[in-house]
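*Asks:* Each position in the sequence shown, counted from 1, maps to that position plus 13 in our numbering. Virtual Cβ for every residue (Gly too), placed ideally from N, Cα, C. These numbers were taken from a predicted model, which means no experiment stands behind them. Just passing along the structure, written as structure tokens.
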Amino acid sequence: ILEGDIKSCFDQISQEWLLRHIPMEKSILKEWLKAGYIEKRVFHPTEEGTPQGGIASPALANMVLDGLEKAIEEKFGFKNSQAMRRAKVHLIRYADDFIITASTREILEEEVIPLVEKFLSERGLEMSKEKTRITHIEEGFDFLGQHVRKYNGKMLIKPSEKSVKRLLTKVREWVGKNKQAKAAEVIVRLNPIIRGWANYHRHVVSKETFRAIDQAIIEELWKWAQRRHRKKPQKWIKRKYFKRNWVFFGRDEDKREIHLYQAQRQTIQRHIKIRGEANPYDPEDERYFDQRLGLKWLQGEMGRGKLRRLWIRQKGRCPSCQQTITKETGWEIHHRVYRVEGGTDNLDNLVLLHPNCHKQHHSQGSTVVKPGSARNLRNA
């Protein structure tokens, strides 16, 4: 595995390359590149690269690195080709973070790295010699906050130690700085942090890590409670702040009981790999992404609530055929206004259809209107 690291990516991107190759209004792009940034009330002009912290910078960096996969395919063969299967050279990239696999270290050192260096140099970039390294899959590597490693022939992905440490450090620093906060304030502050982290890692082998994180946070909150009530006995502190099974709780302004979110409550949901060439803004793939959205909503309480509201709004009927929608008949989400035409995932733009009705709709080019209209289905 080649763990690639681009040296000061945003600072070093060639502005000349951007102006020559990015397909957009050049005058606007020039203004973006020269916008600079303000830090601690001091303006810093942008002489090279893209503005630090600018909302356009990540998008521009992504455009600059687009094409690396094609360069690799031209060198080693396209996906599923015999040459590609033999060399096993594959790129996985997220923004400026990337890894490249190969069947041998020699292929990475002698062929892949020179190719990547040439690709980057044309764009004013270079790989960091200090941070770029080659690792065997059985040693494991970190990528996007997760640790990938082969154990006894089986590939496992877990939250990385660095990611766990960052989370706990963030929690401890906030708790340490807010010794006088009420229990409800602690819960309101920490719940989004814990829930967001657990949600990110819900697709990998995380249960054991989730339990360890919950334990570490409870221990931190126990120390926080002891510091607040130095003269109180432990039993008193336990009753005031912890329910059964050591669930931390407090009361909001309305005296309602609220609880600290536990990472181990997050269900593990295996990620369904997206089709490589699928495009959410291609009308041909509209139904495919509708199906994925339905599966995603089924996996969470909030999503299931949205599906329930759609079903109730339609009085349990398919607006296409007017027959009832049940678990047995199945259903699919449909966007009344397609994404490519500016449609969103808001409930006002969605309806539930039978799978066959949905399939017929996309094949015939019909338009479903909101349930309750005089005509629920009209020809486009």
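Pair every Cβ in the stretch 320-327 with every Cβ in the stretch 246-257, then say whether three or more of these pairs are closer than 8 Å.
*Replies:* With the cut-off at 8 Å, the stretch 320-327 and the stretch 246-257 do not touch.
*Asks:* Of the residues 375, 70, 339, which one's Cα is nearest the Cα of residue 35?
*Replies:* Nearest option by C-alpha distance: 70.
*Asks:* Between the C-alpha atoms of residue 99 and residue 238, what's the straight-line distance to the nearest angstrom?
*Replies:* Cα to Cα, residue 99 sits roughly 59 Å from residue 238.
*Asks:* If residue 324 sits next to residue 365, beta carbons under 8 Å apart, how far is it from one beta carbon to the other, in whole angstroms?
*Replies:* Confirmed, Cβ separation roughly 6 Å.
*Asks:* For the beta strand (DSSP E) containing residue 316, name the first residue and the last one.
*Replies:* Taken as a continuous stretch (DSSP letters only), residue 316 belongs to no beta strand (DSSP E), being part of the alpha helix (DSSP H) at 314-326.
*Asks:* Distance, Cα to Cα, residue 225 vs residue 352?
*Replies:* Going from the Cα of residue 225 to the Cα of residue 352 covers about 41 Å.
*Asks:* Using DSSP with H/G/I as helix, E/B as strand and the rest coil, what is residue 371?
*Replies:* Of the three classes helix, strand and coil, the one that applies to residue 371 here is helix, per DSSP.
*Asks:* What alpha helix (DSSP H) runs, 4 residues minimum, are completely inside the stretch 191-260?
*Replies:* Listed in chain order, the complete alpha helix (DSSP H) runs (minimum 4 residues) inside the stretch 191-260 are 196-213, 220-241, 247-254.
*Asks:* Within 10 angstroms of the Cβ of residue 102, are there 16 or more other Cβ atoms? Answer buried if so, exposed if not.
*Replies:* By the 10 Å Cβ count, residue 102 comes out buried.
*Asks:* Residue 76 lies in the alpha helix (DSSP H); which residues open and close that run?
*Replies:* Unbroken alpha helix (DSSP H) run through residue 76: 70-78.
*Asks:* Report the rounded CA-to-CA distance for residue 219 versus residue 29, giving the unit in angstroms.
*Replies:* Roughly 45 Å between the two C-alpha positions.
*Asks:* Whole angstroms are fine: how far does the CA of residue 266 sit from the CA of residue 197?
*Replies:* In a straight line, the C-alpha of residue 197 is about 9 Å away from that of residue 266.
*Asks:* Note down the Cα distance separating residue 115 from residue 121, rounded to an integer number of angstroms.
*Replies:* The straight-line gap from Cα to Cα measures roughly 6 Å.
*Asks:* Here's a check: name, in chain order, each residue in its chain whose Cβ is nearer than 7 Å to the Cβ of residue 136, leaving out the five neighbours to either side.
*Replies:* Around residue 136: 26, 27, 30, 77.
*Asks:* With residue 138 as the anchor, note down where its beta strand (DSSP E) starts and where it stops.
*Replies:* Premise fails: residue 138 is in no beta strand (DSSP E) and is neither H nor E.
*Asks:* When DSSP labels each residue in this structure, what does residue 393 get in the three-state scheme?
*Replies:* The predicted position of residue 393 is uncertain, since its pLDDT is 31 and thus under 50; no value can be drawn from it.
*Asks:* Pull up the DSSP beta-bridge partners for residue 15, would you.
*Replies:* The partner list for residue 15 (beta bridge, DSSP) reads 113, 147.
*Asks:* What's the gap between the Cα of residue 280 and the Cα of residue 173?
*Replies:* Residue 280 and residue 173: Cα-Cα distance of roughly 19 Å.
*Asks:* Locate the alpha helix (DSSP H) running through residue 301, then write down its first and last residues.
*Replies:* Per DSSP, residue 301 belongs to the alpha helix (DSSP H) from 299-311.
*Asks:* So, helix, strand or coil for residue 156, using DSSP?
*Replies:* Residue 156 falls in the strand class under three-state DSSP.
*Asks:* Since I believe residue 207 is in contact with residue 274 (beta carbons under 8 Å), could you give me their beta-carbon distance rounded to a whole number of angstroms?
*Replies:* Yes, they are in contact, since the Cβ atoms of residue 274 and residue 207 sit about 5 Å apart, within 8 Å.
*Asks:* Am I right that residue 348 and residue 356 are in contact with their C-beta atoms under 8 Å? What's the rounded C-beta distance?
*Replies:* Correct: roughly 5 Å between the Cβ atoms.
*Asks:* Can you name, in chain order, every residue of its own chain whose Cβ lies under 6 Å from the Cβ of residue 94, other than the five neighbours on each side?
*Replies:* Answer for residue 94: no residue qualifies.
*Asks:* Identify which residue in 49, 105, 41, 276 has its Cα closest to the Cα of residue 289.
*Replies:* Closest option to residue 289, Cα to Cα, is 105.
*Asks:* Quick one: grab the DSSP three-state call for residue 281.
*Replies:* Three-state DSSP puts residue 281 in coil, outside helix and strand.
*Asks:* Starting from the Cα of residue 151, find the closest Cα among 61, 165, 283 and give me that residue.
*Replies:* For the residues 61, 165, 283, the minimum Cα distance to residue 151 belongs to 165.
*Asks:* Let me know if residue 63 comes out buried or exposed under the rule of 16 or more other beta-carbons within 10 Å of its beta-carbon.
*Replies:* By the neighbour-count rule (16 or more Cβ atoms within 10 Å), residue 63 is buried.
*Asks:* Quick check: residue 359 and residue 350, are their CB atoms within less than 7 Å of each other?
*Replies:* Contact: no.
*Asks:* In whole angstroms, what separates the C-alpha of residue 83 from that of residue 283?
*Replies:* Roughly 29 Å separates the two Cα atoms.
*Asks:* Using the DSSP secondary-structure output, state which residues sit across from residue 172 in a beta bridge.
*Replies:* Residue 172 pairs with 159.
*Asks:* Could you give the DSSP three-state label for residue 106: helix, strand or coil?
*Replies:* Of the three classes helix, strand and coil, the one that applies to residue 106 here is strand, per DSSP.
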